[in-house]
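Peer 1: Chains as they are written, first to last, in the working numbering: chain A, 37 to 261; chain B, 37 to 261.
We treat Cβ as the ideally placed atom computed from N, Cα and C, and that holds for glycine.
These numbers were taken from a predicted model, which means no experiment stands behind them.
Before we start, here is the structure in question, set down as structure tokens.
2 protein chains.
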Amino acid sequence: MATPKLLHYTLDPASRLVRLMCAEYGVDIELQHVKAWHREPAFLEINPAGEVPIFNIDDQLTLVGVSAVTLFVEEQFGAEPLLLPKEPIARAETRRLVDWALNKFSEDVSRYIIEEKYIKNDVRGSTPDTAVLRVARDNMKEHLSYFNYVLATRRWLAGDEMTMADFALAAQLSALDYLSEVTWDTYPEVKDWYQRLKSRPAFRPLLLDRVVGMPASKTYADLDF
Amino acid sequence: MATPKLLHYTLDPASRLVRLMCAEYGVDIELQHVKAWHREPAFLEINPAGEVPIFNIDDQLTLVGVSAVTLFVEEQFGAEPLLLPKEPIARAETRRLVDWALNKFSEDVSRYIIEEKYIKNDVRGSTPDTAVLRVARDNMKEHLSYFNYVLATRRWLAGDEMTMADFALAAQLSALDYLSEVTWDTYPEVKDWYQRLKSRPAFRPLLLDRVVGMPASKTYADLDF
Chain A
37 MATPKLLHYT LDPASRLVRL MCAEYGVDIE LQHVKAWHRE PAFLEINPAG
87 EVPIFNIDDQ LTLVGVSAVT LFVEEQFGAE PLLLPKEPIA RAETRRLVDW
137 ALNKFSEDVS RYIIEEKYIK NDVRGSTPDT AVLRVARDNM KEHLSYFNYV
187 LATRRWLAGD EMTMADFALA AQLSALDYLS EVTWDTYPEV KDWYQRLKSR
237 PAFRPLLLDR VVGMPASKTY ADLDF
Chain B
37 MATPKLLHYT LDPASRLVRL MCAEYGVDIE LQHVKAWHRE PAFLEINPAG
87 EVPIFNIDDQ LTLVGVSAVT LFVEEQFGAE PLLLPKEPIA RAETRRLVDW
137 ALNKFSEDVS RYIIEEKYIK NDVRGSTPDT AVLRVARDNM KEHLSYFNYV
187 LATRRWLAGD EMTMADFALA AQLSALDYLS EVTWDTYPEV KDWYQRLKSR
237 PAFRPLLLDR VVGMPASKTY ADLDF
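Following this line, the structure appears as structure tokens:
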């Protein structure tokens, strides 16, 4: 098998989840940056939904969308300890929280902040809508309070073991942290958990990411923030 | 195993997907109607995200959220022909389209229509916002045009075989059809496909659903609409 290729953009949380899973399982991938929001015809032909991640294997198998890609990575490259546990209760709890991070957190919080601060920065003449940012930041408080509560009683998000739920939420927060949007000290349990994740080798490549013309926050690459 | 219990509400598309999968696999379930939008404390304790479906097995295993529940149903009750195919290309294509129906279609179209027409009907003093409905209906046109295009070249949504992608989209459309929101004749391939699905025994229980004080559209239970 040739090195699989991942179409992504730097601050896309769903693509970051795929990168974390591949790194954790020791799978080298080649990154190809796509400004998905430009909706180029050649890109829409691959994914009419106009979204990343897209994963390409040997130019033969193309996996489109975060569910298809993460399921494939887990089933084809997964090695013990698995990121999606086999045991039914842990498996269901992991899926519940992956869903929360990928859909609920994204819909309430990250998609707006990333759109306003990162994507609009690439679109000439557009500026962030502060009213939208305010709502997204308010929503983020509720989400982080819940995760802080969960992490007060569990070592990892879905229980005693690290799972893809941890990566799914960390992928979201890392993108927002790049944009200086996470008030870590308000959520000490979340901060402690994120510090542990950030120290993992799988996390390192993400911390080297830089967006041209948009420096990372001070906390972004700092392991002891 | 006692009969599993599904917490749902009548027009929730994600719960309808679970009902269709269980019916197709011949699994009897007990339905319990929950007005999730009331956000009762006892309900939020089961799912802090405040959403259905929630699936309960023998009062011991509680599965929360559509991903956790559908994965469980597929893995525990699935029988050939599987609704989530094993072969990697078909599996990825099925996941891509399930995601589209559950997340993209829902975010662009159905969550708004269901909120404005169904949920607000249950909340005293609130009325549908016609501007929101207009945007959702416009979005629906784009989605249905795409699905019409896909179904012009394939018998089922993800390929030659029926999969959970068909159920995921049909679950969405059935809820909107109840509310007279689907202009079937504009999308002949979608209509033909939906007619085939609607005739399956697994679909029948859904067609018997009624919302108090809100009659179903004329097409809803008609197999030859």
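Spatial neighbours of A238 (chain A) within its chain, please: CB distance less than 6 angstroms, with the 5 preceding and 5 following residues excluded, ordered by chain position.
Peer 2: Your numbering for residue 238 (chain A) matches position 202 in the first sequence. Hits under 6 angstroms: L56, A59 and E60.
Peer 1: Check distances from the C-beta atoms of the region 111-130 of chain A to those of chain B and list, in chain order, the residues that come in under 7 angstroms.
Peer 2: P124, I125 and A128
Peer 1: Listed in chain order, which residues of the region 63-74 of chain B have Cβ atoms closer than 7 angstroms to some Cβ of chain A?
Peer 2: none
Peer 1: For H179 (chain A), which residues of its own chain have a beta-carbon under 7 angstroms away from its beta-carbon, when the five flanking residues on both sides are left out?
Peer 2: As a first step, residue 179 (chain A) must be located in the first sequence, where it is residue number 143. The beta carbon of H179 (chain A) sits closer than 7 angstroms to those of F141, D144 and V145, all from its chain and outside the five residues before and after it, given in chain order.
Peer 1: Tell me, please, whether the region 37-54 of chain A touches the region 87-96 of chain A by the rule of three or more beta-carbon pairs shorter than 8 angstroms.
Peer 2: yes
Peer 1: From the DSSP output, in three-state form, read off T46 (chain A) for me.
Peer 2: Mapped onto the first sequence, residue 46 (chain A) falls at position 10. In the structure shown, T46 (chain A) sits in coil (DSSP, three-state: anything other than H, G, I, E or B).
Peer 1: Taking just the CA atoms, how far does A38 (chain B) sit from E197 (chain B)?
Peer 2: Indexing the second sequence from 1 puts residue 197 (chain B) at position 161. Indexing the second sequence from 1 puts residue 38 (chain B) at position 2. If I take the Cα positions, the gap works out to 32 angstroms.
Peer 1: Which chain B residues sit within Cβ distance under 8 angstroms of G101 (chain A)?
Peer 2: To locate residue 101 (chain A), count along the first sequence from 1; it is residue 65. R131, R132, D135 and W136, listed in chain order.
Peer 1: Just verifying my parser: in three-state terms, what is the DSSP assignment at E217 (chain A)?
Peer 2: One-based indexing of the first sequence puts residue 217 (chain A) at position 181. If DSSP states are grouped into helix, strand and coil, E217 (chain A) belongs with coil.
Peer 1: Is there at least one Cβ from chain C nearer than 8 angstroms to A252 (chain A)'s Cβ?
Peer 2: Annotation note: the requested chain C is absent from the structure, which comprises protein chains A and B.
Peer 1: Using the beta-carbon count (16 or more within 10 Å), is P40 (chain A) buried or exposed?
Peer 2: The residue you call residue 40 (chain A) lines up with position 4 of the first sequence. Buried, by the Cβ-count rule.
Peer 1: Let's test the definition: count the other Cβ atoms within 10 Å of the Cβ of G101 (chain A) and tell me whether it reaches 16, buried, or not, exposed.
Peer 2: Counting from 1 along the first sequence, the entry for residue 101 (chain A) is found at position 65. By the neighbour-count rule (16 or more Cβ atoms within 10 Å), G101 (chain A) is buried.
Peer 1: Taking Cβ positions, are L119 (chain B) and E110 (chain B) nearer each other than 8 angstroms?
Peer 2: Reading the second sequence from its first residue, position 83 is the one you call residue 119 (chain B). Reading the second sequence from its first residue, position 74 is the one you call residue 110 (chain B). Contact: yes.
Peer 1: At a Cβ threshold of 8 angstroms, is K140 (chain A) touching chain B?
Peer 2: Position 104 of the first sequence, counted from the start, is the residue given in the question as residue 140 (chain A). K140 (chain A) counts as touching chain B.
Peer 1: Any residues in the region 187-212 of chain A with a beta carbon nearer than 8 angstroms to a beta carbon of chain B? Which ones, in chain order?
Peer 2: none
Peer 1: So, is the C-beta of P241 (chain B) closer than 8 angstroms to a C-beta in chain A?
Peer 2: Residue numbering aside, residue 241 (chain B) sits at position 205 when the second sequence is read from its first letter. By this cut-off, P241 (chain B) is not an interface position.
Peer 1: Buried or exposed for E129 (chain A), please, with buried defined as at least 16 other CB atoms from any protein chain shown within 10 angstroms of its CB.
Peer 2: In the first sequence, the residue the question calls residue 129 (chain A) occupies position 93. Burial call: buried.
Peer 1: If you measure from the CB of V54 (chain B), is any heavy atom of the ligand ATP nearer than 7 angstroms?
Peer 2: Because no ligand of any kind appears in the structure shown, any question about the ligand ATP cannot be addressed here.
Peer 1: Taking a contact to mean a Cβ-Cβ separation below 8 angstroms, would you say D213 (chain B) touches T46 (chain B) in this structure?
Peer 2: On the second sequence, residue 213 (chain B) is found 177 positions in, with the first residue counted as 1. On the second sequence, residue 46 (chain B) is found 10 positions in, with the first residue counted as 1. Result no, Cβ atoms of D213 (chain B) and T46 (chain B) do not sit closer than 8 angstroms.
Peer 1: Does the region 198-206 of chain A come into contact with the region 113-127 of chain A, if we say contact requires no fewer than three beta-carbon pairs (one atom in each stretch) closer than 8 angstroms?
Peer 2: yes
Peer 1: Could you name the residues of the region 74-91 of chain B whose beta carbon sits closer than 7 angstroms to any beta carbon of chain A, in the order they occur along the chain?
Peer 2: P84 and A85
Peer 1: State the CB to CB distance for the pair H44 (chain B) and H69 (chain B), rounded to an integer number of angstroms; the pair is presumed to be in contact (CB under 8 angstroms).
Peer 2: For the purposes of this step, residue 44 (chain B) is identified with residue 8 of the second sequence, where counting begins at 1. For the purposes of this step, residue 69 (chain B) is identified with residue 33 of the second sequence, where counting begins at 1. Sure, about 7 angstroms apart at Cβ, within 8 angstroms.
Peer 1: Output the distance between the C-alpha atoms of P77 (chain A) and I65 (chain B), rounded to the nearest integer angstrom.
Peer 2: Translated into the one-based positions of the first sequence, residue 77 (chain A) becomes position 41. Translated into the one-based positions of the second sequence, residue 65 (chain B) becomes position 29. Rounded to whole angstroms, the separation of the alpha carbons of I65 (chain B) and P77 (chain A) is 45 angstroms.
Peer 1: Straight-line CA distance for R160 (chain A) to T106 (chain A)?
Peer 2: Position 124 of the first sequence holds residue 160 (chain A). Position 70 of the first sequence holds residue 106 (chain A). Put simply, the backbone Cα of R160 (chain A) is about 33 angstroms away from that of T106 (chain A).
Peer 1: Any beta-carbon of chain A closer than 8 angstroms to the one on L169 (chain B)?
Peer 2: Position 133 of the second sequence, counted from the start, is the residue given in the question as residue 169 (chain B). Chain A, which has no Cβ nearer than 8 angstroms to the Cβ of L169 (chain B), makes this no.
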